[in-house]
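K.L.:
Take this structure first; my questions come after.
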Amino acid sequence: MAAPVVNPPTPYTTLIPGGFFPGKMIRIQGYVPMHGQRFDVNLQSGAGGEIAGEDVGLHASVRLTEGYIARNSFQGGCWQEELGEGGLPIQLGQRFEFLLLCETYEYKIAVNGQHFCSFPPRIPYNRLTHLMIEGDVQLELIAWEGSGASAPPMNGPPQYGAPVPPPQYTPQQTFVQQAPPPPPGAE
1 MAAPVVNPPT PYTTLIPGGF FPGKMIRIQG YVPMHGQRFD VNLQSGAGGE
51 IAGEDVGLHA SVRLTEGYIA RNSFQGGCWQ EELGEGGLPI QLGQRFEFLL
101 LCETYEYKIA VNGQHFCSFP PRIPYNRLTH LMIEGDVQLE LIAWEGSGAS
151 APPMNGPPQY GAPVPPPQYT PQQTFVQQAP PPPPGAE
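Be aware that the sequence shown starts at 1, since it is given in the UniProt record's numbering, and climbs by one per residue.
Shown next, in the form of structure tokens:
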């Protein structure tokens, strides 16, 4: 699996190492400044996203001033129906952990170690090649977890044999919020 990215700049766009497929999880840790209004996490079909006319399979927009996380997709030049229930488990001036898990029939999001929501894959997962994060957020870590082998393209459920249950979703660790370490020489 690819090495984690530590303290990347914002905005940040990267190729998803090995592709996005069932069992792949993306771990994002960061800090929301006190003046923050919004930041977005996109799984998209290219580096340019919707501005370049590329599809966005999952747009998770953390609306800090509005108090919710909007979820949507952008396909064929149009935004689809927005989902927004669930509140806002991310707070201004706090660190957070945001997990994105690909399953065959849904994408799951956990925040700070707790399942937050599921999102139906409106665009097949095998077309989502890039992660893009932008807005009012200081990124601390982006890590890729899950099997290193990519799955076959998603074209619907298998047409043979018994259905295979999706992998179980449990955040791999509880995120513990800690104060930043003291500057060197301040101990």
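Beta carbons are placed, not taken as given, at the ideal position from N, Cα and C, and that holds for glycine.
Can you tell me whether residue 49 is helix, strand or coil according to DSSP?
P.N.:
helix
K.L.:
Would you list the one or two residues that DSSP bridges to residue 130?
P.N.:
15 and 44
K.L.:
Buried or exposed for residue 132, going by 16 or more other Cβ atoms inside 10 Å?
P.N.:
buried
K.L.:
Provide the residue span of the beta strand (DSSP E) that contains residue 147, from first to last.
P.N.:
Segment: none, residue 147 is in no beta strand (DSSP E) and carries neither H nor E.
K.L.:
Is it the case that the segment 20-34 contacts the segment 48-55, given that we only count it when at least three CB pairs across the two stretches are under 8 Å?
P.N.:
no
K.L.:
How is the beta strand (DSSP E) around residue 115 delimited, first residue to last?
P.N.:
114-119
K.L.:
Cα-Cα, which of 104, 50 and 100 is closest to residue 112?
P.N.:
Comparing alpha-carbon positions, the option among 104, 50 and 100 lying closest to residue 112 turns out to be 100.
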